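To keep things clear, I will list the structure first and then write my remarks on it.
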Amino acid sequence: MIEYKNIFAANKSIEKDYSIQTSLEHRKKFAQFFTPYPIADLMAKWLLGNKSLKSVLDPAFGLGIFSRALLTHKTNIDIKGFEIDEYIYSKAEPIFNFIPSLKIHLEDYMYNDWENKYDGIICNPPYFKFHDYDNKAILKEIESKLKVKLTGFSNLYTLFLLKSIYQLEFNGRAAYIIPSEFLNADYGKLVKSYLLNSNTLRHIIIFDFEENIFDDALTTACIILCSNDEQSNNIKFSTICNLSELSQLDNYIDNYPDNFDSENCYKITQLDPNKKWRRYYQEQKSLGFKNLVPFSTFAKVVRGIATGANEYFTFSKAKALEYGIDEKYLMPCICKAADTKGSFFTTDDFKKLKDNNKSIFLFNAVNTNSDSVKKYIKFGEQQGIDRKYLTACRKPWYSLEKRPPAPIWVSVFNRNGLRFIRNEAEISNLTTFHCIYPVKSGLFPSIKTDLLFAYLLTDTAKSIFEDNRREYGNGLQKFEPNDLNKGEILDLSLINKSSEKEILELYNEYRDSVLQSNPDNSFIDRINEIFIEEFSI
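Taking my numbering, the leading residue of the sequence shown gets 293, the next gets one more, and so forth.
Structure, rendered in structure tokens:
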């Protein structure tokens with residue numbers, strides 16, 4: 293028997309060497325983010341748990357780390373790989389050309405091999421979002437074969453996964469490592485439904501997000517283990533904080549299907565594909581409170597203004613002088629999150645940014661006869677600004693999205709909790725912030741804007757919103773507008789008048805302390821206590 297283990301042990305740096313020799317641009321073009329060997333080995337062990345394992349498919353072969361992991365344990369298996377990048381294929385083919393039972397096909401997996409079934413499928417698919425690949429053609433292919441309807445926002449890696457589930461032989465097993473965002477994203481509902489309906493999902497291993505699993509990729513990660521058998525209808529969720537904890541999962545693999553404990557283990561019928569699955573593996577802060585309602589009850593969140601070409605549309609005082617653009621053709625706007633400090637943004641703050649020559653204006657020159665404006669528009673057309681993705685959809689191309697100044701801004705990304713800012717300067721904002729507009733009842737907000745903002749400053753508000761967060765590598769969190777709109781909030785309309793009066797008084801005290809450059813967080817702490825006293829279970 294050939295000792296593949298000894299051969300591959302001498303090639304531990306294959307991925308590292310490739311990454312050094314190959315440009316980041318090329319690797320990103322083909323979404324090449326390599327799986328660490330300990331993870332590949334764990335996934336290989338899951339496939340090897342199928343005692344009848346004879347045929348294995350790797351739909352995104354890369355440099356063959358999964359094949360190397362499999363062959364160190366078992367050599368009498370046939371492996372088929374698919375790869376679309378000719379360059380990485382040229383690097384991988386010589387590594388395996390002495391193994392007659394392994395064949396790499398330089399073809400697109402999504403359009404090939406539908407007729408074959410496999411005892412094992414193992415994959416780290418390309419991480420392309422819906423706008424990064426020909427999603428219409430691939431979705432048509434998937435929907436015609438699987439007889440399912442998917443959203444156009446589906447990421448490519450989920451389509452790889454669904455096709456592979458379809459190709460599992462009876463008793464076959466699949467192991468995928470993919471971003472975990474589909475577990476909690478709207479487009480993931482149909483994917484989760486397919487996994488449940490196929491009765492193949494067995495274990496989801498979610499990586500804690502304090503470290504990146506993949507070099508050069510800011511993404512979440514999870515391992516999906518599936519089995520096309522009739523031995524179980526249980527689904528286990530595990531969370532691990534670092535690679536050293538992978539060994540804890542060996543016991544689960546060795547004893548499948550008999551080693552299900554009660555913690556984070558559910559029957560298929562207990563999982564709801566229409567809900568975010570974070571509830572099944574992470575503590576939900578909202579469960580400690582009563583009288584919760586959707587945030588959209590009191591406010592609507594929409595994204596900030598998207599110009600499609602910030603470098604062209606944003607202006608500082610100096611740039612306006614350089615191009616001779618009068619300020620009446622410029623719209624005040626906060627363009628960078630770093631230009632806002634604290635919880636309040638005032639007209640004085642705006643003036644300081646302007647005097648410090650920060651970019652705090654947007655070019656806003658529709659229906660004007662100004663020669664300088666016309667010249668700048670022509671300059672934009674010479675630079676191809678009018679042909680960019682967003683500008684090409686607007687008429688005229690240099691017009692801005694209609695978005696009135698929002699009284700409250702909220703950060704899109706964060707590492708230390710959501711950041712809310714009271715926009716007292718009443719200026720617009722780019723997509724660095726989302727806009728929060730209090731819902732009106734008649735001419736007035738249904739609750740006082742200051743009361744809403746006071747609540748949003750509390751730890752209670754931020755912790756409840758975290759139930760709906762999206763997570764990326766290195767602890768980075770993101771909230772899309774609908775994550776907030778669908779998030780929960782204490783029903784502020786139930787606050788009694790005396791508590792409301794105290795909250796607003798404390799809020800004004802806090803505001804004064806901030807504007808005096810001596811923020812006193814004890815006022816917010818007391819506001820938080822009031823909400824806990826009235827709404828905690």
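A virtual CB, placed ideally from N, CA and C, is assigned to each residue, including glycine. The model shown is predicted, which means the values in this text are computed figures rather than measured ones.
{"Asked": "Segments of 3+ residues assigned as beta strand (DSSP E) that fall wholly inside the region 426–472", "Found": "460–470"}
{"Asked": "CB-CB length for K372 against K409, believed under 8 angstroms", "Found": "The pair is not a contact, with the Cβ atoms about 12 angstroms apart (cut-off 8 angstroms)."}
{"Asked": "As assigned by DSSP and simplified to three states, the class of T599", "Found": "coil"}
{"Asked": "Under the three-state DSSP convention, the category A302 falls into", "Found": "Here the model assigns A302 a pLDDT of 48, short of 50, so the residue's position is not dependable and the matter cannot be decided."}
{"Asked": "Helix, strand or coil at I795 [DSSP, three-state]", "Found": "helix"}
{"Asked": "E780, enclosing alpha helix (DSSP H) - first and last residue", "Found": "Looking at the DSSP string, E780 is not in any alpha helix (DSSP H); the run it does join, the beta strand (DSSP E), is E780 to L782."}
{"Asked": "Delimiting residues of the beta strand (DSSP E) encompassing V585", "Found": "L584 to P586"}
{"Asked": "Bounding residues of the beta strand (DSSP E) (the contiguous stretch that carries Y668)", "Found": "Run containing Y668: none in the beta strand (DSSP E); it sits in the alpha helix (DSSP H), D663 to Q674."}
{"Asked": "Residues bridged to K770 [DSSP beta-bridge criterion]", "Found": "F705 and R762"}
{"Asked": "The alpha helix (DSSP H) enclosing R360, as first and last residue numbers", "Found": "I357 to H365"}
{"Asked": "In DSSP terms, what M623 is bridged to", "Found": "L654"}
{"Asked": "Runs of beta strand (DSSP E) wholly within the region 328–411 (minimum 3 residues, chain order)", "Found": "347–350, 370–374 and 394–397"}
{"Asked": "Beta carbon of K609 nearer than 8 angstroms to that of N649", "Found": "yes"}
{"Asked": "Rounded separation between F823 and D546 - CA only", "Found": "48 angstroms"}
{"Asked": "Three-way DSSP call (helix, strand, coil) for I830 in this model", "Found": "A question about residue 830 goes unanswered here, because the residues of the chain that appear run from 293 up to 829."}
{"Asked": "Own chain residues within Cβ distance below 6 angstroms of T314, not counting five before or after", "Found": "none"}
{"Asked": "Identity of the residues DSSP links to N721 by a beta bridge", "Found": "I626"}
{"Asked": "L768 to S472 span [Cα, whole Å]", "Found": "14 angstroms"}
{"Asked": "Spatially closest choice to K481 from T741, A598, V440 and C727, by CA coordinates", "Found": "V440"}
{"Asked": "Boundaries (first-last residue) of the beta strand (DSSP E) holding L493", "Found": "L493 to F499"}
{"Asked": "Between the CA atoms of L487 and L454 - distance to the nearest angstrom", "Found": "8 angstroms"}
{"Asked": "Nearest residue (CA-CA) to G709, options G354, N760, S720 and P328", "Found": "N760"}
{"Asked": "Residue nearest to K366 in terms of C-alpha spacing, selected from L475, S344, D350 and F827", "Found": "S344"}
{"Asked": "Residues near P697 in its chain [Cβ-Cβ closer than 7 angstroms; skip 5 each side]", "Found": "N715, E718, I719 and S720"}
{"Asked": "V731 versus Y548 - alpha carbon distance", "Found": "52 angstroms"}
{"Asked": "DSSP three-state assignment for T683, whether helix, strand or coil", "Found": "helix"}
{"Asked": "Stretch pair the region 613–632 + the region 737–747: three plus CB contacts closer than 8 angstroms", "Found": "no"}
{"Asked": "Which of helix, strand or coil DSSP assigns to Y419", "Found": "coil"}
{"Asked": "I324 burial status per 10 Å Cβ neighbour count (16 or more: buried)", "Found": "Reading off the sequence, residue 324 comes out as Gln, not Ile. Result: buried."}
{"Asked": "R714: first and last residue of the uninterrupted beta strand (DSSP E) it sits in", "Found": "F712 to N715"}
{"Asked": "Cβ separation of N777 and F587, assumed to be a contact under 8 angstroms, to the nearest whole Å", "Found": "6 angstroms"}
{"Asked": "Top-ranked residue by Cα proximity to D478, from R818, N820, L442 and H495", "Found": "L442"}
{"Asked": "Separation of T492 from L510, as counted between CA atoms", "Found": "Its pLDDT being 49, under 50, L510 is placed unreliably by the model, and nothing is read from it."}
{"Asked": "Bridge partner(s) assigned by DSSP for C557", "Found": "K528"}
{"Asked": "Exposure label - N520; buried when at least 16 CB within 10 Å", "Found": "buried"}
{"Asked": "Proximal residues to L786 (C-beta, below 7 angstroms), its chain only, five neighbours per side dropped", "Found": "N583"}
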